[in-house]
Amino acid sequence: MTEEIQEIIETLNQVIKDNSVPRNIRRGAEEAKNILKDEKEDIKNRASSALYILEGITNDRNLPMHARTTLWNVAGSLETL
Numbered sequence: 001m002t003e004e005i006q007e008i009i010e011t012l013n014q015v016i017k018d019n020s021v022p023r024n025i026r027r028g029a030e031e032a033k034n035i036l037k038d039e040k041e042d043i044k045n046r047a048s049s050a051l052y053i054l055e056g057i058t059n060d061r062n063l064p065m066h067a068r069t070t071l072w073n074v075a076g077s078l079e080t081l
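First residue of the sequence shown: 1, per the numbering used here; consecutive thereafter.
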């Protein structure tokens, strides 16, 4: 696993552990994290799948602004892979 993917996973873990973030958002972040950890798939496919999930959850109006910004940063990192 590359250092960049590890950093993304650590950032997603911060969102997952943040109790101010709604459960459905934390579940989505967990799902994206699990996809990124699955090394059976090509990195581009994993990044694309995780990005799709993150795009869906960042549109949730109940998402706190700090978590939204964090998830946008993660999405930006995934787009460069």
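Where is the CB? At the ideal position from N, CA and C, for every residue including glycine. Just so we're clear, the structure is a prediction, and the values are computed from it rather than from any experiment.
Legend entry - Range of the contiguous alpha helix (DSSP H) that encloses asparagine 45: Taking the sequence shown and counting its residues from 1, the one referred to as residue 45 is at position 45. It spans 43–58 - the alpha helix (DSSP H) in which asparagine 45 sits, taken as one unbroken run.
Inset, instruction - Verify whether the separation of the beta carbon atoms of serine 49 and isoleucine 35 is less than 7 Å. - result: Here residue 49 corresponds to residue number 49 of the sequence shown, with the count starting at 1. Here residue 35 corresponds to residue number 35 of the sequence shown, with the count starting at 1. Yes, these two residues count as a Cβ contact at 7 Å.
Inset, instruction - Could you check the C-alpha separation between leucine 78 and lysine 33 for me, to the nearest Å? - result: Along the sequence shown, one-based indexing puts residue 78 at 78. Along the sequence shown, one-based indexing puts residue 33 at 33. So the alpha carbons of these two residues sit roughly 12 Å apart.
Legend entry - C-alpha gap between leucine 71 and leucine 54, whole angstroms: Residue numbering aside, residue 71 sits at position 71 when the sequence shown is read from its first letter. Residue numbering aside, residue 54 sits at position 54 when the sequence shown is read from its first letter. Taking the straight line joining both Cα atoms gives about 7 Å.
Legend entry - Given glutamate 39 as reference, the closest of Ala75, Gly76, Ile5 and Thr80 once Cα atoms are compared: For the purposes of this step, residue 39 is taken as the residue at position 39 of the sequence shown. Considering only alpha carbons, the answer is Ile5.
Legend entry - Cα-Cα separation between glutamate 31 and leucine 12, rounded to whole angstroms: Against the sequence shown, residue 31 aligns to sequence position 31. Against the sequence shown, residue 12 aligns to sequence position 12. Each residue's Cα considered, the two are about 10 Å apart.
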